[in-house]
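One structure is given below, encoded as structure tokens.
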Amino acid sequence: MQLNLTGRHVEITDSLRDYVNSKFAKLERHFDHINNVHVILDVEKLTHKAEATLHVNGGELFASTEHQDMYAAIDLLLDKLDRQVIKHKEKMTRH
């Protein structure tokens with residue numbers, strides 16, 4: 001899995017990069033056909049946004065979240081993507 005991390009109005013520190021990498025590694029345990037991930041971390045005034053696009057076999061998944069804390073926004077993003085990946089995996093196994 002290739003992970004691209006982009007920061008808009010925020011510096012991507014080593015700890016932030018490690019946090020995102022560890023979280024997405026957990027996501028890969030549910031579905032190992034994730035080819036490419038593009039994560040964008042954005043800060044607008046007091047709101048931290050995290051969004052991600054997953055390129056998987058059979059489609060593309062997208063999720064976006066907002067929170068006052070960047071780490072919490074990443075956690076919420078992973079929760080959304082986790083549900084989408086499981087749903088996508090169930091669709092793939094039914095066909």
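Just so you know, UniProt numbering puts 52 at position 52 of the sequence shown, and the rest follows in order with no gaps. The C-beta atom is built at its ideal place from N, Cα and C for all residues, glycine as well. Keep in mind the model is a prediction, meaning the values are calculated, not measured.
For K26, which of helix, strand or coil comes out of DSSP?
The answer is helix: DSSP assigns K26 an H, G or I state.
Determine the closest residue to L61 out of M70, V37, Q68, with distance taken between C-alpha atoms.
Answer by Cα proximity: V37.
Taking only runs that begin and end inside the region 12-71, name each unbroken beta strand (DSSP E) of 3 or more residues, in chain order.
Taking only runs of at least 3 residues, the beta strand (DSSP E) segments lying wholly in the region 12-71 are 34-44, 47-56, 59-67.
Within 10 angstroms of its Cβ, does I74 collect 16 or more other Cβ (buried), or is it exposed?
Burial call: buried.
Compare the Cα-Cα distances from A63 to each of N57, A72, L78, V56 and report the closest residue.
Nearest option by C-alpha distance: L78.
What residues in its chain sit with their C-beta under 6 Å from that of Q2, if we drop five residues either side in the sequence?
Only N36 meet the Cβ criterion.
Who are the near neighbours of V56 in its chain, counting only those whose CB is closer than 6 Å to its CB and skipping five residues on each side?
These residues qualify, in order along the chain: H33, I34.
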